[in-house]
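One structure is given here, and the rest of the page talks about it.
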């Protein structure tokens with residue numbers, strides 16, 4: 001199932017690509033789509049880089065111009081979505097507190113992902129979440145990326161609030177909490193505890209954030 005490019009958070013003038021850049025983007029998108037189809041149809045472990053390249057009629061050498069390894073192409077759909085989330089977070093109004101900005105950004109990112117004119121992009125992302133949980137090597141790579149994203153979010157929040165993250169621990173703590181809530185929501189969705197599709201995922205994310213305050217501060221008894 002082909003993964004559609006995410007809407008850009010950059011100004012329109014910055015999104016104009018030359019012919020060479022558009023061709024490179026099409027090749028990258030084709031490799032991601034081919035890999036996604038093969039991983040879902042025959043499994044991640046049984047799919048080779050040569051097979052992915054052959055699906056797009058390019059060489060293995062061309063594949064490695066775009067991706068370092070098979071893990072990277074497998075996670076590309078979610079990686080692009082995560083990058084879009086970070087770009088969205090940078091655009092949130094200063095009037096929002098950090099947690100509000102994070103929550104609004106992740107919900108908006110999922111909504112934008114499902115509003116690209118086709119449901120294939122969001123379907124690919126949702127299918128990938130399930131594939132990751134079933135594939136130990138992908139889960140390990142995904143968790144490494146989540147750790148890096150938490151560091152980036154902490155730095156972004158610290159800059160937004162005018163804090164030094166080396167001194168003030170709140171940005172790092174909030175980034176870790178946000179990552180944990182999001183992973184819990186993803187696990188709940190992938191286990192079939194909610195409606196399918198993007199609106200089901202958004203509802204699960206919202207419900208998890210609704211419980212964050214009570215879980216941290218309320219008397220449980």
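In the UniProt record's numbering, the protein residues as written are 1 to 221.
Ideal Cβ placement from N, Cα and C applies to all residues, glycine included.
Span of the alpha helix (DSSP H) around residue i
{"i": "residue 73", "result": "70 to 74"}
{"i": "residue 65", "result": "60 to 66"}
{"i": "residue 26", "result": "19 to 42"}
{"i": "residue 215", "result": "212 to 217"}
{"i": "residue 103", "result": "98 to 113"}
{"i": "residue 224", "result": "This structure gives no information on residue 224, because the portion of the chain shown stretches from 1 to 221."}
Residue i versus the options, residue with shortest Cα-Cα distance
{"i": "residue 67", "options": "28, 163, 94", "result": "28"}
{"i": "residue 88", "options": "106, 95, 100, 146", "result": "106"}
{"i": "residue 178", "options": "20, 64, 213, 141", "result": "213"}
{"i": "residue 202", "options": "25, 109, 65, 44", "result": "109"}
{"i": "residue 96", "options": "20, 19, 219, 161", "result": "161"}
{"i": "residue 90", "options": "58, 113, 152", "result": "152"}
{"i": "residue 142", "options": "102, 104, 79, 154", "result": "79"}
{"i": "residue 155", "options": "62, 205, 98", "result": "98"}
Rounded distance between the beta-carbons of residue j and residue i, thought under 8 angstroms
{"i": "residue 126", "j": "residue 71", "result": "Actually they are not in contact, since the Cβ atoms of residue 126 and residue 71 sit about 19 angstroms apart, beyond 8 angstroms."}
{"i": "residue 74", "j": "residue 30", "result": "About 15 angstroms; that fails the 8 angstroms criterion."}
{"i": "residue 130", "j": "residue 190", "result": "5 angstroms"}
{"i": "residue 77", "j": "residue 128", "result": "5 angstroms"}
{"i": "residue 146", "j": "residue 174", "result": "Not confirmed; about 15 angstroms, so no contact."}
{"i": "residue 215", "j": "residue 204", "result": "Not quite, the Cβ-Cβ distance comes to about 15 angstroms (not below 8 angstroms), so this is no contact."}
Three-state secondary structure (DSSP) of residue i
{"i": "residue 290", "result": "A query on residue 290 cannot be resolved here, the shown segment of the chain reaching from 1 to 221 and no further."}
{"i": "residue 154", "result": "helix"}
{"i": "residue 148", "result": "helix"}
{"i": "residue 238", "result": "Because the chain in this structure spans residues 1 to 221, residue 238 falls outside the shown range and cannot be described."}
{"i": "residue 93", "result": "coil"}
{"i": "residue 191", "result": "coil"}
{"i": "residue 135", "result": "coil"}
TODO: List in chain order: all unbroken beta strand (DSSP E) runs of 3+ residues lying wholly within the segment 160 to 188.
DONE: If we require 3 residues or more, the segment 160 to 188 turns out to have no beta strand (DSSP E) run fully inside it.
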